[in-house]
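Numbering (the numbering used here), first residue to last: 3 to 352.
Ideal Cβ positions, reconstructed from N, Cα and C, are used throughout, including at glycine.
Comments concern the structure below.
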Amino acid sequence: MQKSVLRRLKKEGTPLIDGNIATFVWHGENAPGLVGDFTGWDSGNPVEMVPSGAGVWTYQLALPSDAYIEYGFLMGSKSLTDPNNSHVTSNGMGGHNNFFCMPDYKPSTLAQKTSRIPHGTVTSYSISAEYFIIGKTRKIHLYQPPVKDPVPLMVVWDGQDYLKRVGLNYMLDNLIYEGRIQPLAIAFVDNGGHKSRMVEYACSEATLAFLMTQVLPLANKQLNLININTSPGSYGVAGASMGGLMALYTGARIPQVFGHVLSQSGAFSWAGFDMVVFDLLMHGEPRPLKIWLDVGVYDLTGLLVSNRRMQSMLSLRGYPFQYREYNAGHNYPSWTDDIWRGLEFLYGKA
Numbered sequence: 003m004q005k006s007v008l009r010r011l012k013k014e015g016t017p018l019i020d021g022n023i024a025t026f027v028w029h030g031e032n033a034p035g036l037v038g039d040f041t042g043w044d045s046g047n048p049v050e051m052v053p054s055g056a057g058v059w060t061y062q063l064a065l066p067s068d069a070y071i072e073y074g075f076l077m078g079s080k081s082l083t084d085p086n087n088s089h090v091t092s093n094g095m096g097g098h099n100n101f102f103c104m105p106d107y108k109p110s111t112l113a114q115k116t117s118r119i120p121h122g123t124v125t126s127y128s129i130s131a132e133y134f135i136i137g138k139t140r141k142i143h144l145y146q147p148p149v150k151d152p153v154p155l156m157v158v159w160d161g162q163d164y165l166k167r168v169g170l171n172y173m174l175d176n177l178i179y180e181g182r183i184q185p186l187a188i189a190f191v192d193n194g195g196h197k198s199r200m201v202e203y204a205c206s207e208a209t210l211a212f213l214m215t216q217v218l219p220l221a222n223k224q225l226n227l228i229n230i231n232t233s234p235g236s237y238g239v240a241g242a243s244m245g246g247l248m249a250l251y252t253g254a255r256i257p258q259v260f261g262h263v264l265s266q267s268g269a270f271s272w273a274g275f276d277m278v279v280f281d282l283l284m285h286g287e288p289r290p291l292k293i294w295l296d297v298g299v300y301d302l303t304g305l306l307v308s309n310r311r312m313q314s315m316l317s318l319r320g321y322p323f324q325y326r327e328y329n330a331g332h333n334y335p336s337w338t339d340d341i342w343r344g345l346e347f348l349y350g351k352a
């Protein structure tokens, strides 16, 4: 087995794929621990690889045929990438993960820039609002679609990531050109860094004040938007993880403006502690919202569970919504592959 594994390792790289089985391989004197989407990235409880010959260690994992998986190794407290897998992606925390795809995985191409179609424009601004945000200024990037008529606005939390890592502006260009959604403007709102966003997106009233007093006036001045007073609830809000929580909270608090919510892997509970968005949507008259929720089957365990609970609660309360689980984890490639579905649900042409 050792020789055959090493031959395949040299030829194919890792992991080795056989049907629905992925075999992780490490060649060395000592085996590292294995972590990834399939372990919840629990560094305190990595998977132990098993000996498969002198200096060869393996671990086999059954996966759905269309899964997208990110992973890495731990040698003690040190994180390592797989030397036999050239496919790496940013982990959003200053490091990198390895990734691989099962045979039936088909990534979306909608975020690719296409030269033959009209493109919207993106203009960046810096807003001073130190009373509402952590830090003195915050960048906002405004996307104006390539149309002349007034359009709805969608606010996107973690704006720099959806702009640079997702390419959401190019996705909008393609979806609009193909007639799959109505034209839509975007306000990409940057976060203030990892620590800041954990505070600002935890159902923060200060963040809502920043949105209503700073972001919306700028967007109304610079973009050709429909009048929210004559079309209440027509604007949208989107985000992932903590941004997904903040998106749903924004809609729950200001549904007369943000009646369309797109939450990806929303962090609705922390360590078993439910965020207030559950209470807002559970009690009182249902708010005039249309909601899209998606989450990965291999997402962080608490997030998967809380999204399933949110789905059940929205169904019980009679909210119009769609919920989708996909075979991937908590990362921007997965959110990129799925967000177009949410955009079509919320703003698709009838």
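Beta-bridge partners of residue i, as assigned by DSSP
i: N100; result: Y73, V90
i: R140; result: I129
i: G245; result: Looking at the DSSP assignment, G245 forms no beta bridge with any residue, so it has no partner.
i: K292; result: H262
i: P53; result: W59
i: E173; result: The sequence shown places Met at residue 173, not Glu. None, per the DSSP bridge assignment.
i: Y237; result: F260
i: G350; result: I183
i: V124; result: Y145
i: L227; result: V153
First through last residue of the beta strand (DSSP E) which encompasses residue i
i: D20; result: 18-20
i: F323; result: 323-328
i: F26; result: 23-29
i: A208; result: Careful: A208 lies outside any beta strand (DSSP E), inside the alpha helix (DSSP H) at 207-212.
i: A221; result: Premise fails: A221 lies in the alpha helix (DSSP H), 218-224, not in any beta strand (DSSP E).
i: K80; result: 80-82
i: V37; result: 35-38
Within 8 Å, strictly: CB atoms of residue i and residue j
i: V217; j: Y237; result: no
i: A24; j: L63; result: yes
i: P109; j: D339; result: yes
i: E72; j: N100; result: yes
i: G241; j: K292; result: no
i: P1; j: P105; result: Given that the chain is displayed from residue 3 to residue 352, the structure contains no residue 1 and the question cannot be resolved.
i: I188; j: G350; result: no
i: L186; j: P154; result: yes
i: T60; j: V124; result: no
i: L2; j: P152; result: Summary: the structure shown does not reach residue 2, with the chain confined to residues 3 through 352, and so no result is reported for it.
i: A33; j: M51; result: yes
i: F212; j: F134; result: yes
i: Q324; j: W294; result: yes
i: D20; j: Y300; result: no
i: L174; j: G122; result: yes
i: W159; j: G245; result: yes
i: T354; j: N87; result: With the chain represented from 3 up to 352, any question about residue 354 goes unanswered, as that position is not in the structure.
i: S267; j: V297; result: yes
i: R319; j: P288; result: yes
i: G194; j: E207; result: no
i: S130; j: T139; result: yes
Residue i (DSSP reduced to helix, strand or coil)
i: G304; result: helix
i: E180; result: coil
i: G161; result: helix
i: D276; result: strand
i: V149; result: coil
i: I2; result: A query on residue 2 cannot be resolved here, the shown segment of the chain reaching from 3 to 352 and no further.
i: M284; result: helix
i: L11; result: helix
i: S117; result: coil
i: F190; result: strand
i: T111; result: coil
i: L65; result: coil
i: S267; result: coil
i: M156; result: strand
i: T232; result: coil
i: S317; result: helix
i: P335; result: helix
i: M95; result: coil
i: S6; result: helix
i: N32; result: coil
i: G253; result: helix
i: N309; result: helix
Where the alpha helix (DSSP H) through residue i begins and ends
i: V299; result: Unbroken run through V299: none, as it is neither H nor E.
i: M200; result: 196-202
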